[in-house]
Amino acid sequence: MFTGFAGPVARADINPALLNDKPAFIADVMRQMTLEEKIGQLRLISIGADMPQPKLLKEIAEGRIGGMFNTVTRADNRPLQDAAVRNSRMKIPLFFAYDVVHGLRTIFPISLAQASSWDLDAIALSARTSAMEASSDGIDMTFAPMVDITHDPRWGRTSEGFGEDPYLVSQIAKASVRAFQGPTLPIAADRVMASVKHFALYGAVEGGRDYNVVNMSPMRMYDDYLPPYRAAVDAGTGAVMVALNSINGVPATSNVWLMQDLLRKDWGFKGVTVSDHGAITELLKHGVAKDEREAARLAIKAGIDMSMADQVYDRELPDLVKSGEVSIQEIDNAVREILGAKYDMGLFHNPYLRIGNAVDDPVEVNADSRLHRDAARDVARKSIVLLENRKQTLPLKKAGTIALIGPLSDAPIDMMGSWSAGGVAKQSVTLYQGLRNALGNKARLIHARGANITEDRHIVEYLNFLNWDTPEVTQDKRSPAAMIAEAVKAAKQSDVVIAAVGEARGMSHESSSRTSLDLPANQLALLKALKATGKPLVLVLMNGRPLALNWERDNADAILETWYTGTEGGNAISDVLFGDYNPSGKLPISFPRSVGQIPVYYNHLRIGRPYTEGKPGNYTSQYFEEPNGPLYPFGYGLSYTDFSLSNVSLSSPTMARGGKIEASVTVKNTGARDGATVVQLYIQDVAASVVRPVKELKDFRKIMLKAGEEQVVRFAIDEDKLKFFNAQLQHVAEAGEFNIQIGLDSQKVMQQSFTLQ
Ligand code: BGC
Numbered sequence: 011m012f013t014g015f016a017g018p019v020a021r022a023d024i025n026p027a028l029l030n031d032k033p034a035f036i037a038d039v040m041r042q043m044t045l046e047e048k049i050g051q052l053r054l055i056s057i058g059a060d061m062p063q064p065k066l067l068k069e070i071a072e073g074r075i076g077g078m079f080n081t082v083t084r085a086d087n088r089p090l091q092d093a094a095v096r097n098s099r100m101k102i103p104l105f106f107a108y109d110v111v112h113g114l115r116t117i118f119p120i121s122l123a124q125a126s127s128w129d130l131d132a133i134a135l136s137a138r139t140s141a142m143e144a145s146s147d148g149i150d151m152t153f154a155p156m157v158d159i160t161h162d163p164r165w166g167r168t169s170e171g172f173g174e175d176p177y178l179v180s181q182i183a184k185a186s187v188r189a190f191q192g193p194t195l196p197i198a199a200d201r202v203m204a205s206v207k208h209f210a211l212y213g214a215v216e217g218g219r220d221y222n223v224v225n226m227s228p229m230r231m232y233d234d235y236l237p238p239y240r241a242a243v244d245a246g247t248g249a250v251m252v253a254l255n256s257i258n259g260v261p262a263t264s265n266v267w268l269m270q271d272l273l274r275k276d277w278g279f280k281g282v283t284v285s286d287h288g289a290i291t292e293l294l295k296h297g298v299a300k301d302e303r304e305a306a307r308l309a310i311k312a313g314i315d316m317s318m319a320d321q322v323y324d325r326e327l328p329d330l331v332k333s334g335e336v337s338i339q340e341i342d343n344a345v346r347e348i349l350g351a352k353y354d355m356g357l358f359h360n361p362y363l364r365i366g367n368a369v370d371d372p373v374e375v376n377a378d379s380r381l382h383r384d385a386a387r388d389v390a391r392k393s394i395v396l397l398e399n400r401k402q403t404l405p406l407k408k409a410g411t412i413a414l415i416g417p418l419s420d421a422p423i424d425m426m427g428s429w430s431a432g433g434v435a436k437q438s439v440t441l442y443q444g445l446r447n448a449l450g451n452k453a454r455l456i457h458a459r460g461a462n463i464t465e466d467r468h469i470v471e472y473l474n475f476l477n478w479d480t481p482e483v484t485q486d487k488r489s490p491a492a493m494i495a496e497a498v499k500a501a502k503q504s505d506v507v508i509a510a511v512g513e514a515r516g517m518s519h520e521s522s523s524r525t526s527l528d529l530p531a532n533q534l535a536l537l538k539a540l541k542a543t544g545k546p547l548v549l550v551l552m553n554g555r556p557l558a559l560n561w562e563r564d565n566a567d568a569i570l571e572t573w574y575t576g577t578e579g580g581n582a583i584s585d586v587l588f589g590d591y592n593p594s595g596k597l598p599i600s601f602p603r604s605v606g607q608i609p610v611y612y613n614h615l616r617i618g619r620p621y622t623e624g625k626p627g628n629y630t631s632q633y634f635e636e637p638n639g640p641l642y643p644f645g646y647g648l649s650y651t652d653f654s655l656s657n658v659s660l661s662s663p664t665m666a667r668g669g670k671i672e673a674s675v676t677v678k679n680t681g682a683r684d685g686a687t688v689v690q691l692y693i694q695d696v697a698a699s700v701v702r703p704v705k706e707l708k709d710f711r712k713i714m715l716k717a718g719e720e721q722v723v724r725f726a727i728d729e730d731k732l733k734f735f736n737a738q739l740q741h742v743a744e745a746g747e748f749n750i751q752i753g754l755d756s757q758k759v760m761q762q763s764f765t766l767q
């Protein structure tokens with residue numbers, strides 16, 4: 011237990027009994043703090059060129075830093091915590107934060123992949139394992155989950171979120187927050203505090219251009235984009251990271267409505283708000299602050315408790331308080347939340363809770379024995395989506411000769427995806443290694459690179475300029491033709507070709523927006539040459555966003571969307587390729603046919619002249635050069651077995667106010683293999699006071715059925731599932747007819763109707 015604040019400067023003793031009374035304890039600490047010490051708590055600082063360790067230690071000892079991010083081991087964090095609790099006057103512990111988005115040392119599939127599992131237990135396992143690894147490396151808070159809904163796959167951070175659907179992402183938000191934080195307060199030693207991000211609407215940036223503006227109607231915000239953040243708040247997230255974008259003309263970082271009216275008053279959020287990296291200074295660039303002084307004033311008044319990676323609070327707040335432009339209450343409100351978060355992290359009880367004693371330091375932070383490979387493999391298999399499987403090309407036999415081709419076939423860094431924290435590339439199992447593990451001596455494996463990620467020098471330079479430690483995209487110096495020739499030769503000697511193609515991880519990352527969703531031209535040329543050999547062609551896609559896969563869909567014999575599968579990726583993909591695991595993933599985001607179609611998302615609003623499949627399209631809402639709708643719809647994904655749905659029925663044709671009805675459906679595994687699928691429940695409001703979506707996901711169930719087995723799946727429907735935000739932003743269910751649609755994807759559904767009285 012942390013035993014007090016007896017420091018070199020005399021002041022009132024803290025009554026240890028107060029330690030178990032959070033408000034009283036914090037009030038007592040605050041009573042003893044100087045203004046400078048309070049402002050110090052508002053700073054979240056990363057070690058770096060402008061903050062070398064000696065300077066950092068000095069400022070910590072002066073009580074000028076509240077928390078750290080990007081320092082990731084016990085050994086690194088201990089001296090910093092020592093400086094805080096031994097050398098600073100108030101001895102207030104620091105907290106340590108990091109972007110543990112899909113794993114710390116063990117890298118799990120990227121978030122978009124995890125969402126494809128539609129398996130909340132699997133997603134919770136990833137967060138739980140991340141929390142265990144992070145906490146044992148001295149980390150108290152993760153900047154996750156990232157729950158920004160997006161309809162625009164040009165946005166590079168699509169990879170980091172969980173897709174396009176507010177219901178699915180909200181379920182994931184809840185499951186993640188609970189798994190990171192655990193059920194107790196203070197948070198246990200082997201858990202970490204969550205910081206849901208990026209509040210709010212970051213995924214709706216204009217044109218998919220990172221950091222851009224968001225302009226959105228309030229109804230769309232409330233119905234489609236805000237629910238996941240709300241779900242995280244309801245699940246008890248300790249922190250909220252505020253987004254870099256502006257919202258209807260006001261930057262999130264200076265947005266009083268966002269942080270006070272919505273977050274604190276309407277949603278009752280009780281934790282700490284953190285700015286995004288440098289966001290307060292960026293208020294100048296947004297053009298809402300003329301200087302840093304004004305930026306600091308706007309941010310603190312709007313409700314940014316902690317400023318990440320800029321100095322403006324430190325520099326400007328003391329004088330702003332002295333001049334009366336910022337009140338001491340405003341500073342106190344922020345300090346109270348920060349101390350409250352530290353209290354909830356258990357740091358006042360024990361500042362070394364997650365740093366441990368020096369003797370406990372893990373000798374080798376990257377030791378393979380510290381990894382959770384089984385969990386990573388399990389989640390990775392569940393995250394893979396089978397998009398095509400003509401003539402039952404998959405699963406493959408472990409026999410004969412297999413050619414493995416493609417720039418991503420043996421790419422350890424790319425397996426990890428972006429935001430892979432403390433992941434170590436050489437610990438990830440590439441597809442090549444995974445196939446070798448699976449095949450042993452049973453089959454011959456021939457390997458050729460076939461193509462670089464891209465031949466576009468500008469793109470390679472850009473990707474290598476991103477914030478990595480070393481350049482990540484290495485070019486094979488041979489000509490594209492020579493590489494293809496080698497690949498074709500390998501294909502010709504084989505019974506089947508596996509082509510691992512897609513994006514380098516940096517292509518689906520922060521600041522990596524794209525204008526094209528096609529595979530790079532040289533990779534497509536490789537695929538065409540492989541196709542021309544006449545050998546069965548299996549595509550293993552690795553990418554962090556929906557791609558436009560027209561040629562691929564028409565020509566590949568099978569397509570596996572594997573996203574970036576993480577440390578155990580190669581083994582997990584091999585499990586699926588050879589049928590040791592029957593794929594069950596479903597897309598959490600629509601795949602467009604072309605970039606020109608964006609936005610394409612399933613829960614779009616109804617319109618007066620809808621496009622109707624199979625009818626001439628004149629004067630309906632469509633593009634005349636290509637069919638409407640996605641290439642692959644939301645919720646779609648195949649299996650090695652088949653499922654049928656029948657008997658969609660409702661327990662009653664009417665629902666009373668405050669009542670409940672039940673929808674049920676019989677699901678049968680009609681194929682020859684055991685398999686899992688996701689039964690999806692959509693609801694359409696037939697006529698409402700405002701325009702409503704064509705359908706909305708309201709529930710789902712992932713079920714496992716043995717070959718031939720059938721099961722009745724039941725969904726409870728209550729008024730809550732019928733509610734939406736009306737023109738006055740009241741959350742209401744309006745009387746009238748509703749269509750219940752049940753399917754194994756968002757397009758092929760069976761329907762029944764009922765009336766809400
Ligand atoms: C990102 C955040 C991240 C932060 C700290 C920012 O650039 O937008 O998502 O948490 O950096 O690394």
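Just so you know, we're using my numbering here: the sequence shown kicks off at 11 and counts up by one. We put the beta carbon where it would ideally sit given N, CA and C, even for glycine.
- With the rule of 3 Cβ pairs closer than 8 angstroms, the region 676-690 counts as touching the region 719-732.
- CA-CA distance, Leu363 to Pro89, rounds to 14 angstroms.
- Met100 sits close to Met43, with the two beta carbons spaced by under 7 angstroms.
- Contact annotation: Val224 and Leu236 have beta-carbon atoms that are not nearer than 7 angstroms.
- In the displayed model, Tyr650 falls within coil according to three-state DSSP, outside both helix and strand.
- A distance below 7 angstroms separates the beta carbons of Thr152 and Val202.
- DSSP links Leu551 through a beta bridge to Val511 and Glu571.
- Separation of Ile412 and Arg454 (C-alpha to C-alpha, rounded to the nearest whole angstrom) is 6 angstroms.
- Under the three-state reduction of DSSP, Arg391 is assigned to helix.
- Shortest gap from the CB of Asp286 to any heavy atom of the ligand BGC: under 6 angstroms.
- Here Thr194 is exposed. Its C-beta has fewer than 16 other C-beta atoms within 10 Å.
- Phe153 has its Cβ nearer than 6 angstroms to a heavy atom of the ligand BGC.
- When DSSP assignments are scanned along the region 645-728, the uninterrupted stretches of beta strand (DSSP E) that are 3 or more residues long and fall wholly within it turn out to be 653-660, 670-679, 685-695, 706-715 and 720-728.
- Membership of Ser140 in the alpha helix (DSSP H) is indicated by the continuous run Leu130 to Ser146.
- Nearest neighbour of Leu178 by Cα position, chosen from Phe475, Ala737, Tyr692 and Ala745, turns out to be Tyr692.
- DSSP places Ser121 in the uninterrupted alpha helix (DSSP H) bounded by Ser121 to Ser126.
- In this structure, DSSP gives Ala582 a helical state, which the three-state scheme calls helix.
- Looking at the DSSP output, Gln762 shares a beta bridge with Ile750.
- In the structure shown, the three-state DSSP call for Glu398 is strand.
- With contacts defined by Cβ atoms closer than 7 angstroms, Ile365 and Gln91 form a contacting pair.
- Under DSSP, no beta-bridge partner is assigned to Ala435.
- The C-alpha of Gly746 lies about 45 angstroms from the C-alpha of His296.
- Between the C-alpha atoms of Ser674 and Phe725 there is a straight-line separation of about 6 angstroms.
- Considering only Ile508, Pro556 and Thr572, the residue with the shortest C-alpha distance to Lys545 is Ile508.
- Looking at the DSSP output, Ser256 shares a beta bridge with Pro261.
- Under the three-state reduction of DSSP, Ala93 is assigned to helix.
- Boundaries of the alpha helix (DSSP H) harbouring Val39: Lys32 to Arg41, taken from the DSSP string.
- Val470 sits in a helix when the DSSP states are folded into three classes.
- The C-beta separation of Thr575 from Ala582 comes to about 5 angstroms, placing the pair in contact by the 8 angstroms criterion.
- About 6 angstroms separates the CB atoms of Tyr232 and Leu739; that is less than 8 angstroms, so the two are in contact.
- Here Val345 carries a helix assignment [DSSP, helix/strand/coil].
- Distances taken from the Cβ of Asp109 to the heavy atoms of the ligand BGC include one shorter than 6 angstroms.
- Between the beta-carbon of Ala189 and that of Ala134 there is about 4 angstroms, and that keeps the pair under the 8 angstroms contact cut.
- Listed in chain order, the non-local C-beta contacts of Leu114 below 6 angstroms within the same chain comprise Ser140, Glu143, Ala144, Ala431 and Gly432, local neighbours out to five positions each way being set aside.
- Of the candidates Gly76, Lys65 and Ser522, the residue whose Cα lies closest to the Cα of Tyr353 is Gly76.
- In this structure, Trp573 lies near Pro119, with their beta-carbon atoms less than 7 angstroms apart.
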